[in-house]
Every structure is written in structure tokens, then in C-alpha cells.
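In the UniProt record's numbering, the protein residues as written are 1 to 180.
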């Protein structure tokens, strides 16, 4: 090799230990990847994103978006929902060109479980305060989704709730539902 060789020309040839190591790493990465979603999976995902975005836009407008001079409670949700809707449309337009999206697999249900537990948390926080639902949410996420030990899950859950209580209720006096 001369000093004028480009970096591409300096890549070791097949049979060289460095080239074989790079090939082995690339092969391992491909073995552990879930299958690609494909154009139909990408399109379905895009339509779901668009539907969520449109529903959020409607909810934001119902809250009252206000004006640029006097924003209402729905202003930021409206802006975020509009961006989400536009991104969903872009994703739908690119559904055939995107090849790195992953197909839904068994581990995808962990995301669905996490989302469902958040929905339950939001639904019961007004009735039970934030302490018990937050502790249970943290416990579920650590123990069942994160596969932490019971001991670690319980101690961390209680510590997180105590920390949130001290910061948001005691120190900042944030008006959130709480028991104590």
C-alpha cells in the first residue's frame, strides 16, 4: 500500500484476521435480529400512528387550543399531536422503502404490557392517590418487565415513590392526588 491509497483500499482482504473478525460480528448481529416487518407491517404501524395522532388532535381541540397570544390547555398537546400525525403520514409514504423495521414478536407484548400498566396507573391515580399505583407500577415494571429480583423490585419501588413524594409533594407542593 502506498500513502495515496484510499481508506477503502486499505480494508483487509478475506482471510485476514481483522476481516474475518468484522465478518463474524456482522453475522452475529444478523442472527440476533428479529425478522423485518415488511411493507404491510410498516403501513399498519403508520396507520396506527396516524390514528393516535388524529385522536390526540381532536382531544387537544376539545381542551381548547387558544391562540398564539393566549394559548389554551390544549396548545402543546395539539402541537405534539400534529407532529405525530405528520410523522405517521411520512412513515406511511415510506412504508415500502423502510427495511429495518422489526416485525412484531413475542417480546413486543412487553411493550403492550407496559403501555397497559400505564393506562391503569392513570385511571386509578385520581381515586387512590399516586403512592400506591406508582409503587405497583414500578414493581410490575421492575419485576416482570425488567426481570429484577423481588428484593430489588420492592426496595426500588418504595424508594422511587418516597423520592417522588419528597420532591413533588413535600418540596414543590405540586397538586397531585396523594394519600398522605
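We treat Cβ as the ideally placed atom computed from N, Cα and C, and that holds for glycine.
Query: Contacting residues, own chain, Cβ-Cβ under 8 Å from residue 179 (five flanking each side not counted); Result: 128, 129, 131 and 132
Query: The stretch 48-61 in contact with the stretch 80-100 per 3-pair CB rule at 8 Å; Result: yes
Query: Reduced DSSP category for residue 159 - H, G, I as helix; E, B as strand; rest coil; Result: helix
Query: Neighbourhood of residue 157 by C-beta distance below 7 Å, restricted to the same chain and skipping five residues each side; Result: 135, 138, 139 and 142
Query: At least 3 beta-carbon pairs within less than 8 Å: the stretch 90-107 vs the stretch 145-152; Result: no
Query: Rounded separation between residue 36 and residue 70 - CA only; Result: 46 Å
Query: Spatial distance of residue 89 from residue 40 (CA atoms); Result: 15 Å
Query: Three-state secondary structure assigned by DSSP to residue 51; Result: helix
Query: For residue 66, the residue or residues it bridges with in DSSP; Result: 71
Query: Alpha carbon of residue 171 to alpha carbon of residue 160, nearest angstrom; Result: 15 Å
Query: Nonlocal neighbours in the same chain, by C-beta distance under 6 Å from residue 78, ignoring five residues either side; Result: 60 and 65
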